[in-house]
Structures are given as structure tokens and as C-alpha cells.
Amino acid sequence: MRVERIAKDKVRIFISYDDLEERGIDRDEIWHNGKKVQDLFWDMMETAYMEVGFEIAGPISVEAFTMPTEGVVVIVTRIPSIPGVAQDDDDDDDDDEGLIHRHQNYAQSIDSQLVFSFDEFDDLIAVCHTLVAYDLESSLFHYHDAYHLVITDPLVVETFHTIAAVLGEYGVPSDATEAVLTEYGHEIIREDAIKTIAERFAV
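Quick note: the sequence shown, position 198, residue 198 per full-length UniProt numbering, numbers continuous.
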């Protein structure tokens with residue numbers, strides 16, 4: 001399990017399929033509100049508090065999506081309470097949706113970064129050719145013997161899922177944030193990295 005704070009009220013948690021297997025949770029079971037999934041959720045929240053100081057206070061929004069081979073990414077957002085608006089107690093527990101669920105009304109867009117690393121430059125070229133049509137704001141760094149592609153566009157939820165899935169086909173989620181890469185990595189392309197690589201290198 002890996003936790004990254006991406007905003008004041010938002011964390012991203014990566015859970016590998018090995019993590020799920022160790023807990024006796026299969027890939028389909030993650031979308032149901034069983035006891036093992038509830039225990040996993042509260043373990044995630046405890047880890048988020050211990051590692052990055054993220055604490056649940058009031059209502060939250062939880063969204064999760066799978067990557068083909070790596071695991072599950074869970075984004076938890078604290079939702080500011082609106083004065084004068086009462087909370088419906090009936091909404092607190094939704095057994096059909098589950099604690100970790102595909103939340104269709106999560107947000108109009110996601111403004112978090114996607115940072116993926118690639119051991120082979122050929123894999124980076126391939127993913128850039130696949131994503132070039134999306135015209136994404138992106139930069140490229142070299143850090144710890146790997147290429148790290150940073151995508152900073154605010155994306156609508158469905159596009160975020162699609163791009164994360166494509167990136168997961170060729171690379172793996174990076175442990176490094178853009179700030180770490182800027183400070184300690186070697187910047188290769190500052191802007192339009194995907195477009196630049198796709199134009200300069202053939203598949």
C-alpha cells in the first residue's frame with residue numbers, strides 16, 4: 001500500500017493486487033461492501049493518517065479504479081460541509097455501492113497528477129504515441145534509472161481512468177512526485193513531453 005497526498009483534502013492510495021491477495025480479497029470483491037473490504041478501507045485511512053496526516057473529518061468521497069496489471073488506485077476526498085444543509089443519515093451506509101465503489105458523481109474533473117515510470121524508453125515512446133491525441137500537459141524526467149512521465153492536466157473522471165489505464169499498460173505508478181523529480185531528478189522535457197516524443201520517435 002502506498003499513500004500520496006495530492007491536495008489539502010485529497011489523498012491517492014495505491015493498492016497492489018498482491019496486497020489484496022494477502023488480505024484474501026479478489027479483484028471483483030473490491031467493489032462489494034464485505035467485512036474484508038471495510039477492514040481494508042479503515043486500514044487505508046489509518047495508513048493515510050500515519051504517513052501524510054490525512055484525517056477523516058465529516059463527509060468524504062471515495063473513488064477507485066483498477067489498472068490492468070498493477071492494482072487499484074483509490075482517491076479519497078474530504079467534502080466541505082455546506083452550512084444550512086442537513087446530512088441525510090440514510091446516505092451514510094449504502095450496502096449496494098460499498099465503501100470502495102465506482103462513484104459516478106464523484107467530480108466533474110480530477111486535478112491530481114499522474115506520474116508513471118518506465119524502465120525502457122521504447123515503452124515510453126509507445127505510450128506517448130497512444131496518448132498524443134489527448135493533447136495533455138506533460139513533462140519528462142530521468143530519476144533512479146527510469147523515465148518518469150508527469151501529466152498535470154485537470155481531467156474529467158472518465159478520461160482520467162482511460163489515461164491511467166493506458167499508462168499502466170506500459171509503465172508503473174511512480175513513487176516520486178513532480179516536486180521530488182524537479183528537485184532530485186534530471187529534467188529532460190519541460191513541456192509537451194508526450195507530443196515531443198511522439199513527433200521525434202517512431203514506434
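By construction, the Cβ of each residue, glycine as well, lies at the ideal position given by its N, Cα and C atoms.
If we ignore side chains and look at the alpha-carbon of each, how far apart do residue i and residue j end up?
{"i": "His129", "j": "Val203", "result": "7 Å"}
{"i": "His161", "j": "Ala146", "result": "23 Å"}
{"i": "Asp28", "j": "Pro154", "result": "29 Å"}
{"i": "Asp135", "j": "Thr196", "result": "11 Å"}
{"i": "Phe118", "j": "Tyr17", "result": "20 Å"}
{"i": "Asp19", "j": "Ala165", "result": "19 Å"}
{"i": "Ile189", "j": "Glu120", "result": "17 Å"}
{"i": "Lys8", "j": "Glu183", "result": "21 Å"}
{"i": "Gln38", "j": "Ile30", "result": "10 Å"}
{"i": "His144", "j": "Asp43", "result": "30 Å"}
Going by beta carbon distance, what residues of the same chain come within less than 6 Å of residue i, once the five residues before and after it are set aside?
{"i": "Glu187", "result": "Phe141"}
{"i": "Ala193", "result": "Ser138, Ser139 and Leu140"}
{"i": "Phe201", "result": "Ile125"}
{"i": "Ile15", "result": "Met1, Gly71 and Val72"}
{"i": "Thr66", "result": "Val72"}
What span of residues does the alpha helix (DSSP H) with residue i cover, start to end?
{"i": "Ala179", "result": "Glu178 to Tyr184"}
{"i": "Ala48", "result": "Lys35 to Val52"}
{"i": "Tyr17", "result": "Tyr17 to Glu22"}
{"i": "Leu149", "result": "Premise fails: Leu149 lies in the beta strand (DSSP E), Ala146 to Ile151, not in any alpha helix (DSSP H)."}
{"i": "Leu124", "result": "Phe121 to Leu131"}
{"i": "Ala57", "result": "Neither: Ala57 is in no alpha helix (DSSP H) and is coded neither H nor E."}
{"i": "Ile30", "result": "Per DSSP, Ile30 belongs to no alpha helix (DSSP H) and is neither H nor E."}
{"i": "Arg200", "result": "Ala193 to Arg200"}
Hey, could you find the ends of the beta strand (DSSP E) residue i is sitting in?
{"i": "residue 220", "result": "Nothing about residue 220 can be reported from this structure: the residues present for the chain run from 1 to 203 only."}
{"i": "Lys8", "result": "Element bounds for Lys8: n/a, residue is neither H nor E."}
{"i": "Ile75", "result": "Gly71 to Arg78"}
{"i": "Phe118", "result": "Leu114 to Phe118"}
{"i": "Ser138", "result": "Ser138 to Tyr143"}
For residue i, I'd like the list of residues in its chain whose CB is within less than 8 Å of its CB, leaving aside the five on either flank, ordered along the chain.
{"i": "Val115", "result": "His148, Leu149, Val150, Ile151, Pro173, Ser174, Ala176, Thr177, Glu178 and Leu181"}
{"i": "Gln113", "result": "Ile6, Val150, Ile151, Thr152, Thr177 and Glu178"}
{"i": "Glu21", "result": "none"}
{"i": "Thr159", "result": "Tyr134"}
Write down the C-beta distance between residue i and residue j rounded to the nearest angstrom, noting that I regard them as a contact closer than 8 Å.
{"i": "Leu167", "j": "Val132", "result": "Actually they do not touch by this definition, with Cβ atoms about 13 Å apart."}
{"i": "Lys36", "j": "Ile25", "result": "5 Å"}
{"i": "Asp122", "j": "Gly171", "result": "Contact doesn't hold; Cβ gap of about 11 Å is too wide."}
{"i": "Glu51", "j": "Val3", "result": "5 Å"}
{"i": "Ile163", "j": "Val74", "result": "Actually they do not touch by this definition, with Cβ atoms about 17 Å apart."}
Grab me the residues of residue i's own chain with a C-beta within less than 7 Å of its C-beta, minus the 5 sequence neighbours each way, in chain order.
{"i": "Phe54", "result": "Arg5, Val11 and Ala48"}
{"i": "residue 208", "result": "Here the chain comprises residues numbered 1 to 203, so residue 208 is not present and cannot be evaluated."}
{"i": "Glu191", "result": "Ser139"}
{"i": "Arg23", "result": "Lys36 and Leu40"}
{"i": "Ala198", "result": "Cys128, His129 and Val132"}
For chain D, check one thing: does any of its Cβ atoms lie closer than 8 Å to the Cβ of residue i?
{"i": "Ala7", "result": "Here there is only one protein chain, and chain D is not present."}
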